[in-house]
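In the UniProt record's numbering, the protein residues as written are 1 to 295. For glycine and all other residues, C-beta sits at the position ideal for the given N, C-alpha and C.
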Amino acid sequence: MTTHAPQVAQSVTLPTSLDEAVAALSAMPAAVPVAGGTDLMASVNKGQLRPAGLVGLGKINEIRGWQYQDGHALLGAGLTHARMGRPDFAALIPALAAAARAAGPPTIRNAGTLGGNIATAAPTGDSLPVLAALEADLIVAGPGGARREVPVSHLLAGMERLRGGELIGYVRIPLLHAPQVYLKATGRTGPGRALASVALVLDPARRGVRCAVGAVAPMPLRPLEAERWVASLIEWDADRALAPEALHAFGDYVAAACIPDQAPDGTPQELPPAVQQLRRTVSVLARRALGRALA
Numbered sequence: 001m002t003t004h005a006p007q008v009a010q011s012v013t014l015p016t017s018l019d020e021a022v023a024a025l026s027a028m029p030a031a032v033p034v035a036g037g038t039d040l041m042a043s044v045n046k047g048q049l050r051p052a053g054l055v056g057l058g059k060i061n062e063i064r065g066w067q068y069q070d071g072h073a074l075l076g077a078g079l080t081h082a083r084m085g086r087p088d089f090a091a092l093i094p095a096l097a098a099a100a101r102a103a104g105p106p107t108i109r110n111a112g113t114l115g116g117n118i119a120t121a122a123p124t125g126d127s128l129p130v131l132a133a134l135e136a137d138l139i140v141a142g143p144g145g146a147r148r149e150v151p152v153s154h155l156l157a158g159m160e161r162l163r164g165g166e167l168i169g170y171v172r173i174p175l176l177h178a179p180q181v182y183l184k185a186t187g188r189t190g191p192g193r194a195l196a197s198v199a200l201v202l203d204p205a206r207r208g209v210r211c212a213v214g215a216v217a218p219m220p221l222r223p224l225e226a227e228r229w230v231a232s233l234i235e236w237d238a239d240r241a242l243a244p245e246a247l248h249a250f251g252d253y254v255a256a257a258c259i260p261d262q263a264p265d266g267t268p269q270e271l272p273p274a275v276q277q278l279r280r281t282v283s284v285l286a287r288r289a290l291g292r293a294l295a
């Protein structure tokens, strides 16, 4: 019988500022940044990852809170799920608070961070569809005090990547002051892990609906045509009422966009029973999310 001891990093650095952390990563390119470590340390303990060094982010106070900036909330990447789940944060960004409360058991919520959720980019990450629906941007810190803005959707889609020595410092989210909802369905995929999730945001100023579906693909999916279609049906200047038939049709539209039953050439194909069930789940989540947002 063979056992594997956890692989301990050769060096651990504990910077107290974002720029110190960037400098530490630049000095040791093989080092790995770690905040809550909920995913990283599991990989280390299983022997799947053997970092040459760790740069701990837990002592960087500047990224553990939030501030207001030109109609946006600037969230520190070190915010924990537990902190985002509290009532004061929920009054600011309700859907993100709901996602944070759904992120797993207390041990995960107390340790896991917003920046870690983004950097890990697991398909089941609870915050990811919310950030996609809110069209959030990342403030990335780089060597020499450099800062650059990257749409979170670009990073998740692989259109942009973090460069050597860079760290996610902040997440910039527009404050819409409008209804927003996060719902998820869980199955036998682990404690609190999403089988499918939906984030939905109303944007009355632009007369728009934004929806993102998580856990059914490697990254959150935006059903743009479904968004535009349902937004055209809403009475924005009245009570925002929508017929039940339209709610059901929206759910089906979203599900069909995210889990198509056609081959790439347009040929209809029969989906396996499990995928059909997942499609129904997405439809129900999208319908309920829109219904709650309009209520």
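**Item:** Between the CA atoms of L200 and L290 - distance to the nearest angstrom
**Value:** Within the sequence shown, numbered from 1, the residue matching residue 290 stands at position 290. Within the sequence shown, numbered from 1, the residue matching residue 200 stands at position 200. Near 7 Å, if we compare the C-alpha coordinates of L200 and L290.
**Same chain only: Cβ atoms within 7 Å of A77, ignoring 5 sequence neighbours per side** = Residue numbering aside, residue 77 sits at position 77 when the sequence shown is read from its first letter. If we look at A77 and ignore the five residues flanking it on each side, its Cβ neighbours are I63, T113, L114, G115, I168, G169, Y170, V171.
**Prompt:** By how many angstroms is the C-alpha of G266 removed from the C-alpha of T16?
**Reply:** Numbered from 1 along the sequence shown, position 16 holds the residue referred to as residue 16. Numbered from 1 along the sequence shown, position 266 holds the residue referred to as residue 266. About 54 Å.
**Asked** Where do the N-terminal and C-terminal ends of the beta strand (DSSP E) with W66 fall, by residue?
**Response** Numbered from its first residue, the sequence shown carries residue 66 at position 66. From DSSP, the beta strand (DSSP E) with W66 extends over 66-69.
**Message:** 9 Å is my cut-off, CB to CB: does V213 come that close to chain C?
**Reply:** Going by chain labels, chain C is absent from the structure shown, which holds only one protein chain.
**Prompt:** Measuring CB to CB, does V216 end up less than 9 Å from A286?
**Reply:** Looking up residue 216 in the sequence shown gives position 216. Looking up residue 286 in the sequence shown gives position 286. Their beta carbons are not under 9 Å apart, which means V216 does not touch A286 by this criterion.
**Request:** Could you spell out the range, first to last residue, of the beta strand (DSSP E) harbouring residue 302?
**Result:** Absent from the structure is residue 302, since the part of the chain shown begins at 1 and ends at 295.
**Anticipated Cβ contact below 8 Å, A133 with R228, distance rounded** = As a first step, residue 133 is located in the sequence shown; it is residue number 133 there, counting from the start. As a first step, residue 228 is located in the sequence shown; it is residue number 228 there, counting from the start. About 14 Å separates the two Cβ atoms, so there is no contact after all.
**Message:** Quick check on T13: does DSSP put it in helix, strand or coil?
**Reply:** Start at 1 with the first residue of the sequence shown, and residue 13 comes out as number 13. Under the three-state reduction of DSSP, T13 is assigned to strand.
**Prompt:** Which residue or residues does DSSP assign as beta-bridge partners of D137?
**Reply:** Indexing the sequence shown from 1 puts residue 137 at position 137. Under the DSSP definition of a beta bridge, D137 partners with P151, R172.
**Asked** For the putative contact between V213 and C258, defined by C-beta atoms under 8 Å, what is the C-beta separation to the nearest angstrom?
**Response** Stepping through the sequence shown from its first residue, residue 213 is reached at position 213. Stepping through the sequence shown from its first residue, residue 258 is reached at position 258. Yes, they are in contact, since the Cβ atoms of V213 and C258 sit about 5 Å apart, within 8 Å.
**Prompt:** So, is H81 buried or exposed, given that buried needs 16 or more other C-beta atoms within 10 angstroms?
**Reply:** As a working mapping, residue 81 is identified with position 81 in the sequence shown. Burial call: buried.
**Request:** Please list, in chain order, all residues of the same chain as V150 whose beta carbon is under 6 Å from its beta carbon, the five residues on each side excluded.
**Result:** In the sequence shown, residue 150 corresponds to position 150, counting from 1. L138, V140, E160, listed in sequence order.
**Request:** Classify G36 as buried or exposed, calling it buried when 16 or more other Cβ atoms lie within 10 Å of its own Cβ.
**Result:** Here the question's residue 36 lines up with position 36 in the sequence shown. So G36 ends up on the buried side.
**Request:** Excluding the 5 residues preceding and the 5 following H72 in the sequence, name in chain order all residues of the same chain whose CB lies nearer than 8 Å to its CB.
**Result:** In the sequence shown, counting from the first residue as 1, residue 72 sits at position 72. Counting only Cβ-Cβ distances below 8 Å, and skipping sequence neighbours, we find R172, I173, P174, L175.
**Request:** Using only alpha-carbon positions, find the residue among A263, R288, Q277, G144 that is nearest to E245.
**Result:** The residue labelled residue 245 in the question sits at position 245 within the sequence shown. Its Cα nearest to that of E245, the residue R288 stands out among A263, R288, Q277, G144.
**Message:** Looking only at its chain, what residues have a beta carbon closer than 7 Å to the beta carbon of H154, apart from the 5 residues adjacent to it on each side?
**Reply:** Working through the sequence shown from its first residue, we reach residue 154 at position 154. Excluding sequence neighbours, H154 sits near E160.
**Prompt:** Which residues in the same chain as D39 place their Cβ atom closer than 6 Å to its Cβ, once the five residues preceding and following it in sequence are excluded?
**Reply:** Your numbering for residue 39 matches position 39 in the sequence shown. So the list reads T120, once near-sequence residues are dropped.
**Prompt:** How many Å lie between A57 and L18 at the Cα?
**Reply:** One-based indexing of the sequence shown puts residue 57 at position 57. One-based indexing of the sequence shown puts residue 18 at position 18. Checking the sequence, you will find Leu at residue 57 rather than Ala. Distance between L57 and L18, taken at the CA atoms: about 8 Å.
**Prompt:** For the alpha helix (DSSP H) that contains R83, what are its first and last residues?
**Reply:** Residue 83 sits at position 83 when you count from the first residue of the sequence shown. 81-84 is the extent of the alpha helix (DSSP H) around R83.
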